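Just so you know, the sequence shown maps onto residues 2 to 160 in my numbering.
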Amino acid sequence: MAKQNIFDNETFFEGYKAIRNREGNANDLFEIPALFSLLPNLKGTSVLDLGCGFGEHCVEFVNKGVSKVVGIDISEKMLEVAKKEHSNPAITYMLLPIEDIGTHSFRKFFATEIYKNNDYNIVLVQQLLQHSSVAITQRYIGISSEMQERALQGHINLI
(Lines of atoms letter the chains of each structure in order from A and count residues from 1; the text may use other names and numbers.)
(Lines give C-alpha, C1' and ligand atoms only; values in the text may rest on other atoms or scores of the structure.)
Protein backbone atom coordinates (compact mmCIF):
# COMPACT_ATOMS: atom_id res chain seq x y z
CA MET A 1 0.00 0.00 0.00
CA ALA A 2 1.37 3.42 -0.94
CA LYS A 3 1.83 5.97 1.79
CA GLN A 4 -0.45 8.96 1.29
CA ASN A 5 0.41 12.32 2.77
CA ILE A 6 -1.57 15.16 1.27
CA PHE A 7 -1.21 17.19 4.48
CA ASP A 8 2.35 18.28 3.66
CA ASN A 9 1.10 19.91 0.43
CA GLU A 10 1.16 23.60 1.41
CA THR A 11 -2.13 24.52 -0.32
CA PHE A 12 -4.04 21.58 1.11
CA PHE A 13 -2.53 22.04 4.58
CA GLU A 14 -3.45 25.72 4.79
CA GLY A 15 -7.00 24.98 3.61
CA TYR A 16 -7.40 22.15 6.11
CA LYS A 17 -6.00 24.29 8.92
CA ALA A 18 -8.45 27.10 8.06
CA ILE A 19 -11.40 24.68 8.19
CA ARG A 20 -10.26 23.29 11.55
CA ASN A 21 -9.76 26.79 12.98
CA ARG A 22 -13.32 27.89 12.09
CA GLU A 23 -15.60 28.30 15.04
CA GLY A 24 -18.26 25.60 15.04
CA ASN A 25 -16.38 23.14 12.82
CA ALA A 26 -17.65 19.56 12.68
CA ASN A 27 -14.68 18.18 14.63
CA ASP A 28 -15.35 20.46 17.60
CA LEU A 29 -19.12 20.08 17.46
CA PHE A 30 -19.51 16.34 16.82
CA GLU A 31 -16.39 14.22 16.40
CA ILE A 32 -14.40 15.18 19.49
CA PRO A 33 -17.32 15.12 21.97
CA ALA A 34 -18.52 11.78 20.56
CA LEU A 35 -15.05 10.24 20.75
CA PHE A 36 -14.37 11.29 24.32
CA SER A 37 -17.86 10.30 25.51
CA LEU A 38 -17.10 6.70 24.51
CA LEU A 39 -13.82 6.39 26.43
CA PRO A 40 -13.47 4.72 29.82
CA ASN A 41 -11.58 6.28 32.72
CA LEU A 42 -8.05 6.81 31.37
CA LYS A 43 -6.31 7.88 34.58
CA GLY A 44 -2.81 6.40 34.83
CA THR A 45 -2.92 4.70 31.43
CA SER A 46 -0.84 5.09 28.27
CA VAL A 47 -2.40 6.03 24.94
CA LEU A 48 -1.20 5.62 21.37
CA ASP A 49 -2.82 8.18 19.05
CA LEU A 50 -2.40 7.02 15.45
CA GLY A 51 -2.84 9.90 13.02
CA CYS A 52 -2.60 12.45 15.83
CA GLY A 53 -2.61 15.45 13.50
CA PHE A 54 -2.38 18.72 15.43
CA GLY A 55 -2.12 16.83 18.74
CA GLU A 56 -5.37 18.18 20.19
CA HIS A 57 -6.51 14.75 21.33
CA CYS A 58 -3.10 14.02 22.85
CA VAL A 59 -3.43 17.02 25.17
CA GLU A 60 -7.01 16.09 26.02
CA PHE A 61 -5.86 12.56 26.93
CA VAL A 62 -3.31 14.07 29.34
CA ASN A 63 -6.03 16.34 30.78
CA LYS A 64 -8.07 13.18 31.44
CA GLY A 65 -5.24 11.70 33.53
CA VAL A 66 -3.28 9.69 30.96
CA SER A 67 0.34 9.42 32.12
CA LYS A 68 1.95 8.85 28.70
CA VAL A 69 0.75 9.64 25.18
CA VAL A 70 2.52 8.77 21.95
CA GLY A 71 1.17 10.68 18.97
CA ILE A 72 2.11 9.34 15.53
CA ASP A 73 1.49 11.08 12.23
CA ILE A 74 2.83 10.97 8.66
CA SER A 75 2.73 14.76 8.23
CA GLU A 76 5.66 16.95 9.21
CA LYS A 77 3.43 20.02 9.03
CA MET A 78 0.82 18.51 11.36
CA LEU A 79 3.50 17.52 13.87
CA GLU A 80 5.08 20.99 13.73
CA VAL A 81 1.73 22.42 14.86
CA ALA A 82 1.30 19.65 17.46
CA LYS A 83 4.72 20.32 18.99
CA LYS A 84 4.21 24.09 18.94
CA GLU A 85 0.61 24.28 20.16
CA HIS A 86 0.02 21.03 22.05
CA SER A 87 3.26 20.05 23.74
CA ASN A 88 3.37 18.46 27.15
CA PRO A 89 6.08 16.45 28.97
CA ALA A 90 3.74 13.43 28.93
CA ILE A 91 3.45 13.53 25.12
CA THR A 92 5.91 12.16 22.57
CA TYR A 93 5.26 12.97 18.92
CA MET A 94 6.69 10.73 16.21
CA LEU A 95 6.87 11.23 12.44
CA LEU A 96 5.98 7.79 11.16
CA PRO A 97 3.66 6.46 8.47
CA ILE A 98 1.17 4.00 9.95
CA GLU A 99 2.11 1.54 7.20
CA ASP A 100 5.63 1.35 8.67
CA ILE A 101 4.46 0.32 12.12
CA GLY A 102 4.71 -3.33 13.04
CA THR A 103 4.33 -5.23 16.26
CA HIS A 104 8.10 -5.40 16.57
CA SER A 105 8.31 -1.59 16.45
CA PHE A 106 5.78 -1.29 19.26
CA ARG A 107 7.44 -3.98 21.33
CA LYS A 108 10.83 -2.30 21.04
CA PHE A 109 9.49 1.20 21.68
CA PHE A 110 7.55 0.20 24.79
CA ALA A 111 10.45 -1.90 26.08
CA THR A 112 12.65 1.18 25.85
CA GLU A 113 10.00 3.29 27.59
CA ILE A 114 9.66 0.74 30.39
CA TYR A 115 13.45 0.75 30.78
CA LYS A 116 13.60 4.56 31.03
CA ASN A 117 10.55 4.87 33.29
CA ASN A 118 11.67 2.21 35.78
CA ASP A 119 15.06 3.58 36.79
CA TYR A 120 16.82 1.83 33.88
CA ASN A 121 15.96 -1.60 35.28
CA ILE A 122 17.27 -3.83 32.48
CA VAL A 123 16.40 -7.02 34.39
CA LEU A 124 12.72 -5.99 34.50
CA VAL A 125 12.74 -5.42 30.73
CA GLN A 126 14.57 -8.72 30.17
CA GLN A 127 11.87 -10.55 32.12
CA LEU A 128 9.02 -8.76 30.34
CA LEU A 129 10.50 -9.58 26.93
CA GLN A 130 11.36 -13.11 28.03
CA HIS A 131 14.94 -12.78 26.82
CA SER A 132 17.47 -15.37 27.94
CA SER A 133 20.09 -12.81 29.00
CA VAL A 134 20.53 -9.16 29.90
CA ALA A 135 23.01 -8.80 27.00
CA ILE A 136 20.32 -9.76 24.49
CA THR A 137 17.91 -7.23 25.99
CA GLN A 138 20.57 -4.51 25.94
CA ARG A 139 21.21 -5.14 22.24
CA TYR A 140 17.49 -5.30 21.52
CA ILE A 141 16.73 -1.85 22.94
CA GLY A 142 19.99 -0.38 21.70
CA ILE A 143 22.11 0.00 24.80
CA SER A 144 25.77 -0.38 23.91
CA SER A 145 28.64 -1.04 26.29
CA GLU A 146 30.04 2.38 25.36
CA MET A 147 26.80 4.03 26.47
CA GLN A 148 26.90 2.08 29.71
CA GLU A 149 30.49 3.11 30.36
CA ARG A 150 29.68 6.79 29.76
CA ALA A 151 26.67 6.55 32.08
CA LEU A 152 28.80 4.97 34.80
CA GLN A 153 31.63 7.47 34.37
CA GLY A 154 29.15 10.30 34.84
CA HIS A 155 28.07 8.91 38.22
CA ILE A 156 31.23 7.38 39.67
CA ASN A 157 33.95 9.41 41.34
CA LEU A 158 37.05 7.35 41.85
CA ILE A 159 39.24 8.33 44.80
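Think of the CB as a built atom: it goes at the ideal place given N, C-alpha and C, for glycine as much as any other residue. Bear in mind that the values here come from a model prediction, so they are computed numbers and not experimental data.
message: For residue 99 and residue 135, I'd like the C-alpha separation in whole angstroms.
response: 31 Å
Cβ-based burial, residue 5 [other Cβ within 10 Å; buried from 16]: exposed
task: Classify residue 139 as buried or exposed, calling it buried when 16 or more other Cβ atoms lie within 10 Å of its own Cβ.
output: buried
Check whether residue 56 and residue 83 have beta carbons under 8 Å apart: yes
Continuous beta strand (DSSP E) stretch holding residue 113: start and end: Segment 104-118 is the alpha helix (DSSP H) holding residue 113; no beta strand (DSSP E) there.
query: Closest to residue 14 by CA distance: which of 25, 79, 39, 32 is it?
result: 79
Buried or exposed by the 16-neighbour rule on C-beta atoms within 10 Å, applied to residue 37: exposed
- request: Using the Cα positions of residue 160 and residue 85, report the straight-line distance between them to the nearest angstrom.
  value: Since pLDDT at residue 160 reaches only 48, below the 50 mark, its modelled position is unreliable, and no value is offered.
6 Å Cβ shell around residue 11 - same chain, five flanking residues per side excluded: none
- request: Can you tell me the Cβ-Cβ gap for residue 112 and residue 94, rounded? I've got them flagged as a contact below 8 Å.
  value: 20 Å between Cβ atoms; not a contact.
message: Alpha carbons only, please: which of 103, 47, 106, 54 is nearest the one belonging to residue 75?
response: 54
message: Considering only DSSP beta bridges, list what residue 69 is partnered with.
response: 47
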